[in-house]
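The block underneath contains the structure these notes are about, expressed in structure tokens.
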Amino acid sequence: QAVSCIWVIHFLCGKKTFLRIQKKYLRPEAAIILPCLGLGISTFVMQASESVISVCFNASLLRYGGDVAVGAMTILTSVMQFAMLPLQGIGQGAQPITSYNYGAKNVDRVKKTFKLLLGISLAYSVSFWVILQCFPALFAGIFTSDATLAAFTAKALRIYCGRLFFGIQIACQMTFVAIGSALCSVIVAVVRKFVLLLPLIYLMPHLISNKTNGVYFAEPIADLIAVSFTAILFAFQFKKALQKCKTDR
2 QAVSCIWVIH FLCGKKTFLR IQKKYLRPEA AIILPCLGLG ISTFVMQASE
52 SVISVCFNAS LLRYGGDVAV GAMTILTSVM QFAMLPLQGI GQGAQPITSY
102 NYGAKNVDRV KKTFKLLLGI SLAYSVSFWV ILQCFPALFA GIFTSDATLA
152 AFTAKALRIY CGRLFFGIQI ACQMTFVAIG SALCSVIVAV VRKFVLLLPL
202 IYLMPHLISN KTNGVYFAEP IADLIAVSFT AILFAFQFKK ALQKCKTDR
């Protein structure tokens, strides 16, 4: 591997390549680094906040539902991670297409790319929700053979995994990053996790008679509000970005 790396570097520094590595391009520049950091912060917030949210969920579930509720939460998280992978893959696949056409001032293709991304993401999230509501025991059985835990998890899945319109959230957030709206992407990530979900974890058990279910309900309620907020913000910012793109052209 070391030899391969040396050969690659030698080739990229030589005269046989059109794009050579040059010292003048290796100097750090704030104008380049800071926007890159800004675009990556939203993804960082989403990933880093998962640990905080998991601790809060487990603490509340242990208090109201005991070990079974905490065990079910582990399965719920695994199911949702499994479900989110295709959505993230679709969104990340659309990002370079959106970015390229946005940079090329091709407004029509940017619109078409977003519409296609939104349609596919929404169709997937709705389809997964329907399958999950019809066969929750099937998903629970993948992760445990304990009958009690599987039965409890099957009921909790129908509550917790109510991300019927989460495809909208992913499509808008990925497009925010693709068009360089780093601040909007960060705001969306922070609002969903810290402004909505975190307080709801502790609030919902006091509003529902079944306190354990109340903790699980925090997730779909936060998602519904977050999707509404994201859609409204995106409608304004996307239109503004496209208008600026037309003006620059």
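Just so we're aligned: the sequence shown equals residues 2 to 250 in the working numbering.
C-beta atoms are modelled at their ideal positions from N, C-alpha and C, and glycine is treated no differently.
Span of the alpha helix (DSSP H) holding residue i?
i	result
residue 175	167-179
residue 129	108-135
residue 86	67-104
residue 185	183-191
residue 153	148-161
residue 202	199-204
Roughly how many angstroms lie between the CA atoms of residue i and residue j, to the nearest whole one?
i	j	result
residue 77	residue 108	40 Å
residue 98	residue 116	13 Å
residue 104	residue 48	28 Å
residue 237	residue 219	28 Å
residue 55	residue 180	31 Å
residue 84	residue 14	43 Å
residue 121	residue 61	35 Å
residue 65	residue 124	35 Å
residue 166	residue 247	31 Å
residue 8	residue 27	19 Å
residue 70	residue 152	11 Å
residue 19	residue 5	20 Å
residue 45	residue 38	10 Å
residue 134	residue 202	22 Å
residue 189	residue 101	23 Å
residue 191	residue 233	16 Å
Take the Cβ of residue i as the centre, count every other Cβ of all protein chains shown within 10 Å, and call the residue buried at 16 or more, exposed below.
i	result
residue 228	buried
residue 221	buried
residue 150	buried
residue 114	buried
residue 170	buried
residue 206	buried
residue 126	buried
residue 12	exposed
Is it true that the CB of residue j sits closer than 9 Å to the CB of residue i?
i	j	result
residue 172	residue 243	no
residue 223	residue 197	yes
residue 36	residue 183	yes
residue 53	residue 241	no
residue 186	residue 42	yes
residue 88	residue 168	yes
residue 154	residue 31	no
Would you check whether the ligand GDP has a heavy atom nearer than 8 Å to the C-beta of residue i?
i	result
residue 244	In the structure on display, the ligand GDP does not appear, and there are no ligands present to speak of.
contact_flag[the segment 130-141, the segment 161-180] where n(CB pairs < 8 Å) is 3 or more: yes
Cβ pair count under 8 Å reaching 3, the segment 72-88 against the segment 137-148: yes
Contact between the segment 175-187 and the segment 210-218 (3+ Cβ pairs under 8 Å): No contact exists between the segment 175-187 and the segment 210-218.
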